[in-house]
């Protein structure tokens, strides 16, 4: 009975090696596509509120001591590099609507020295320490 186990194990190991070699050869012959990753991104940075205003969406800037504010705030107010970014809307005290961004405006393309919209958003988010899934980990920028 012991010869049966030896033969069965030998055949199984040989088959495993052959299958793994075949899969390895197929994978090495595949064309590697140069694609951007991740293929999509969230509309707003992580932990920012996505608010619908009419037919467009804006992202509410969190309060100073909230999650994922990075270095957006100076002493008590937003930095000039934040308020000067495309799509920024200042707080409206008459309606009590807080600071917000519309990240879909055309101004992001080229906002950071000839970069695409996604790369400009990525640079802006990294400069201010804001985590943004799909943007701060975007790999298709220089």
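Residue numbers (the numbering used here): 1 to 142.
The beta carbon of each residue, even a glycine, is placed where N, CA and C say it ideally should be.
These figures come from a predicted structure and were not determined experimentally.
Is it buried or exposed for residue 13, if we count other Cβ within 10 angstroms and need 16 for buried?
The residue given as residue 13 occupies position 13 in the chain shown. Answer is exposed; the Cβ neighbour count stays below 16.
So what does DSSP say about residue 118, is it helix, strand or coil?
Here residue 118 is taken as the residue at index 118 of the chain shown, counted from 1. DSSP places residue 118 in helix when its eight states are reduced to three.
Where the beta strand (DSSP E) through residue 30 begins and ends
Start at 1 with the first residue of the chain shown, and residue 30 comes out as number 30. Here residue 30 belongs to no beta strand (DSSP E), and DSSP marks it neither H nor E.
Cβ distance (whole Å) where residue 117 is taken to contact residue 125 below 8 Å
Locating residue 117 in the chain shown gives position 117, counting from the first residue. Locating residue 125 in the chain shown gives position 125, counting from the first residue. That pair is no contact at about 12 Å.
Quick one: using the 10 Å Cβ neighbour count with 16 as the cut-off for buried, is residue 111 buried or exposed?
By one-based count along the chain shown, residue 111 stands at place 111. With at least 16 other beta carbons inside 10 angstroms of its own, residue 111 counts as buried.
If you drop the 5 nearest sequence neighbours on each side, which residues of the same chain put their C-beta closer than 6 Å to that of residue 69?
Residue numbering aside, residue 69 sits at position 69 when the chain shown is read from its first letter. Closer than 6 Å at the Cβ level, and outside the excluded window around residue 69, lie 62.
I'd like to know if the stretch 121-138 and the stretch 35-47 are in contact, where contact means that at least 3 CB-CB pairs between them fall below 8 Å.
yes
Return the chain-ordered ranges of every beta strand (DSSP E) run that is complete within the stretch 37-79 and spans a minimum of 3 residues.
49-53 and 56-60
Do you know offhand how far residue 51's Cα is from residue 128's?
Taking the first residue of the chain shown as position 1, residue 51 is located at position 51. Taking the first residue of the chain shown as position 1, residue 128 is located at position 128. Taking the straight line joining both Cα atoms gives about 22 Å.
For residue 89, which residues does DSSP report across the bridge?
The residue given as residue 89 occupies position 89 in the chain shown. Answer is 100.
Does the separation of the CB atoms of residue 59 and residue 100 fall below 8 Å?
Walking along the chain shown from the start, residue 59 turns up at place 59. Walking along the chain shown from the start, residue 100 turns up at place 100. One thing to note: residue 59 has its Cβ within 8 Å of the Cβ of residue 100.
Identify, in the order they occur along the chain, each residue of the same chain with its Cβ nearer than 6 Å to the Cβ of residue 98, setting aside the five sequence neighbours on each side.
For this step, residue 98 is matched to residue 98 along the chain shown. The answer, listed in chain order, is 60 and 91.
Please return the same chain residues whose Cβ sits closer than 6 Å to the Cβ of residue 120, not counting the five positions on each side in sequence.
Counted from its first residue, the chain shown places residue 120 at position 120. Only 108, 111 and 112 meet the Cβ criterion.
Integer-rounded CB distance, given that residue 84 should sit under 8 Å from residue 102:
Counting from one through the chain shown, the residue named residue 102 turns up at place 102. Counting from one through the chain shown, the residue named residue 84 turns up at place 84. Going by Cβ atoms, the distance from residue 102 to residue 84 rounds to 15 Å, so no, they are not a contact pair.
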